[in-house]
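So the protein lines, in turn, are chains A and B.
Using this note's numbering, you'd call the opening residue of the first sequence number 1 and step up by one each time.
Using this note's numbering, you'd call the opening residue of the second sequence number 1001 and step up by one each time.
Built from N, CA and C at the ideal position, the CB exists for glycine as well.
Here is the structure we will look at.
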Amino acid sequence: MQRIVLSLWSGLICLLLLSLVQSSGIPVSDASSAPPSPIDPALLQTLQARYKALAKQLTQLMPRQPYILVDTARNHLYVKRADQVMLDALASTGSGTILDKPGDSKGQWIFDTPRGEFSVQSRLTNPVWVKPDWAFIEEGLEVPKTQADRIEPGVLGEYALGFGKGYFIHGTLYTRLLGKNVTHGCIRLNDDDLKSVYNLAKVGTPIMIF
Amino acid sequence: MNVLCAILSLLLSLTSVSWAGEQNGLPPWDPNDSTALYDATRVLEEEVKLAARPQTYILIDLTTNAILIKGRGIELHRIPIDNWSASHLSELAVAYRLRERPPVNRRKLDPLGGTEQDPISLADMPTTFALHFSPPMTILVRSSNEGHPWQWATQRGREWWRRLTAWSLTLWTGEKPPSLPSLDLTISSDHAQSLAWTVTESMPFLIHRTTRP
């Protein structure tokens, strides 16, 4: 019994010491204790050549033309070409809130701006908003039966850039909310920035969202 | 002989210039260290595969102490790592997929309630969280500027408990528990929230490990 208690205590002390070492800010790694491998010049040369070839391959995958970068955490949209920032605009992105689908116990809408890589699929001037079901349900209204009852002009600004699945970069009437996560997933800009983005972007322009 | 030496030095300097030029600055590791070069090449091989597809991915670069959010090989955002530690680092693979993002307390809209719901923001994101991956690997993200002794004690307590149970199990059954690699990252609370915000389910992660002590 005494031996078990003793071993438990020694185990705890070991854990405490190990934990203190880990919290001391010194990177602790298993690999650091591995002996350094002997340098084979031929192998080194092959590896260096392979590394350079891969680095070149990676560079070739980077977009040559301007691309749109959206930071949804800080609500900024940038247009960049390589490392050059061509435009830095305050934006509004997805609110992250949820809305239950009526009549569907498990279904719900999540109002997030999608993350990942997309591309400009359409460039529209004077777009009209075809209100989806959630826009009515959110306001406690009945979903209309005809398409005509869904159309609302003048709320998306003068331009819109579609990037798939109903998501757009568009204008807004609520410019005071720029810089906040308030949208249903689309990306809102003020009129001037929207015009600049519209002029810089073509169909196919990459959009990176994180 | 002197001329030969001068030519050789010139050739050597040209080689390093071309290396630096392709890398946009010298790599943070020694290009003549075959182990470091092997690791960097493995990471780059995986990154080329990821960058060829329309997606964003995360590169945890322990050689430069940075978490990079990337797409198409471009650095989209950089999060500095204040400190890190790892267990079973040698068993760490290069590529992982995140099983699920950290839980977020999303507000539900109530059309009949009439009250407007606040959107989620960076401030709603956790500052300490664990990310679980496939193949099995865990990254524990802690905030460096939390300064709450209670949180520190809770984290340490959990860690001790995990080790104690593993140790007791070994003692009891005589079998060693599977050695799963794990990584502890300490970053500022703002950056921790930013990382929790950014990661998505099944997002690819690359880990560039270092052999430096």
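If we call anything under 7 Å between Cβ atoms a contact, is residue i one with residue j?
| i | j | result |
| --- | --- | --- |
| Leu1185 of chain B | Trp1029 of chain B | no |
| Gly96 of chain A | Gly185 of chain A | no |
| Met1125 of chain B | Trp1172 of chain B | no |
| Val182 of chain A | Pro1119 of chain B | yes |
| Leu1076 of chain B | Ile1069 of chain B | yes |
| Ala1086 of chain B | Ser1143 of chain B | no |
| Gly140 of chain A | Pro1111 of chain B | yes |
| Ile1079 of chain B | Leu1183 of chain B | no |
| Val1048 of chain B | Gln57 of chain A | yes |
| Leu1242 of chain B | Leu200 of chain A | Only positions 1001 to 1213 of chain B appear in this structure, which leaves residue 1242 of chain B out of reach. |
| His170 of chain A | Gly154 of chain A | no |
| Phe150 of chain A | Lys165 of chain A | Checking the sequence, you will find Arg at residue 150 of chain A rather than Phe. The answer is no: Cβ separation not under 7 Å. |
| Gly1129 of chain B | Tyr1096 of chain B | Before going on, a small fix: residue 1129 of chain B reads as Phe here, not Gly. No, they are not a contact pair. |
| Gly116 of chain A | Gln1117 of chain B | no |
| Thr1064 of chain B | Leu47 of chain A | no |
Below 7 Å on C-beta distance, what does residue i contact in chain A?
| i | result |
| --- | --- |
| Ala1040 of chain B | Tyr51 |
| Ile1069 of chain B | Phe210 |
Spatial neighbours of residue i within its chain, please: C-beta separation below 8 Å, excluding the five flanking residues on both sides.
| i | result |
| --- | --- |
| Val1199 of chain B | Ile1058, Leu1098, Arg1101, Pro1102, Leu1131 |
| Lys180 of chain A | Asn75, Ser92 |
| Asp1190 of chain B | Leu1122 |
| Arg1106 of chain B | Ile1120 |
| Pro1213 of chain B | Bear in mind that a pLDDT of 48 at Pro1213 of chain B, under 50, signals an unreliable position, so the number given afterwards is only what the model happens to contain. The answer is none, since no qualifying residue turns up. |
| Glu1046 of chain B | Val1094, Ala1095, Leu1206 |
Return the chain-ordered list of same chain residues with a C-beta closer than 7 Å to the C-beta of residue i, the five sequence neighbours on each side being excluded.
| i | result |
| --- | --- |
| Asn1032 of chain B | none |
| Val1043 of chain B | Val1094, Leu1206, His1208 |
| Thr205 of chain A | Gln65, Pro66, Tyr67, Ile68, Ser119, Val120 |
| Ala31 of chain A | Unreliable positioning characterises Ala31 of chain A in this predicted model, as indicated by a pLDDT of 40, which lies under 50. The coordinate reading is nonetheless provided below. Once the five neighbours on either side are set aside, Ala31 of chain A has no close Cβ partner at all. |
| Lys80 of chain A | Pro66, Tyr67, Leu69, Met86 |
Give the residues of chain A in contact with residue i, contact being defined as C-beta atoms less than 9 Å apart.
| i | result |
| --- | --- |
| Trp1172 of chain B | What Trp1172 of chain B touches in chain A: nothing, since even the nearest Cβ is about 12 Å away. |
| Trp1029 of chain B | Per Cβ cutoff of 9 Å: no residues; Trp1029 of chain B is ~11 Å from chain A at best. |
Excluding the 5 residues flanking residue i on each side, which residues of the same chain have their C-beta closer than 6 Å to its C-beta?
| i | result |
| --- | --- |
| Phe168 of chain A | Ala160, Gly162, Cys186 |
| Gly1073 of chain B | Ala1051 |
| Pro1181 of chain B | His1088, Glu1091, Leu1092, Met1137 |
| Pro36 of chain A | Confidence at Pro36 of chain A is low in this model, with a pLDDT of 48, below 50, so its placement is unreliable and no value can be given for it. |
Kindly identify the DSSP beta-bridge partner or partners of residue i.
| i | result |
| --- | --- |
| Glu1057 of chain B | One point to set straight first is that residue 1057 of chain B is Tyr, not Glu, in the sequence displayed. B:Lys1070. |
| Asn181 of chain A | A:Thr93 |
| Lys1108 of chain B | A:Ile98 |
| Met208 of chain A | A:Leu69, A:Glu117 |
Can we count residue i as close to the ligand ZN, meaning its CB is less than 6 Å from some heavy atom?
| i | result |
| --- | --- |
| Thr113 of chain A | Looking at this structure, you won't find the ligand ZN or any other ligand, since it has none at all. |
Determine the chain B residues that contact residue i at a beta-carbon separation under 8 Å, and present them in chain order.
| i | result |
| --- | --- |
| Leu69 of chain A | Leu1076 |
| Pro66 of chain A | The contacting residues do not exist; Pro66 of chain A stays about 12 Å from chain B at best. |
Interface residues of chain B around residue i at Cβ under 9 Å?
| i | result |
| --- | --- |
| Asp193 of chain A | By Cβ distance, chain B contributes nothing, its closest Cβ being about 19 Å from Asp193 of chain A, past 9 Å. |
Going along chain A in order, which residues have a C-beta closer than 8 Å to the C-beta of residue i?
| i | result |
| --- | --- |
| Thr1063 of chain B | Those do not exist, as Thr1063 of chain B stays about 11 Å from chain A at its closest Cβ, beyond 8 Å. |
- prompt: Which residues, taken in chain order from the region 46-59 of chain A, show a beta carbon closer than 9 Å to some beta carbon of chain B?
  reply: Leu47, Gln48, Arg50, Tyr51, Lys52, Leu54, Ala55, Lys56, Gln57, Leu58, Thr59
message: Any C-beta of chain A within less than 9 Å: which residues of the region 1076-1088 of chain B qualify?
response: Leu1076, His1077, Asp1082, Asn1083, Trp1084, Ser1085, Ala1086, Ser1087, His1088
- prompt: Residues in the region 1108-1141 of chain B with C-beta within 7 Å of chain A's C-beta atoms, listed in sequence order?
  reply: Lys1108, Leu1109, Pro1111, Leu1112, Gln1117, Pro1119, Ile1120, Ser1121, Leu1122
query: What residues from the region 1040-1054 of chain B come within 7 Å of chain A, judged by C-beta to C-beta, listed N to C?
result: Ala1040, Thr1041, Leu1044, Glu1045, Glu1047, Val1048, Ala1051, Ala1052, Pro1054
message: Can you pull out the residues from the region 84-97 of chain A whose beta carbon lies closer than 9 Å to at least one beta carbon of chain B?
response: Gly94, Ser95, Gly96, Thr97
field: Members of the region 115-147 of chain A that neighbour chain B once the beta carbon cut-off is set at 8 Å
entry: Arg115, Gly116, Glu117, Phe118, Ser119, Ile137, Glu138, Glu139, Gly140
task: Could you name the residues of the region 161-186 of chain A whose beta carbon sits closer than 8 Å to any beta carbon of chain B, in the order they occur along the chain?
output: Lys180, Asn181, Val182
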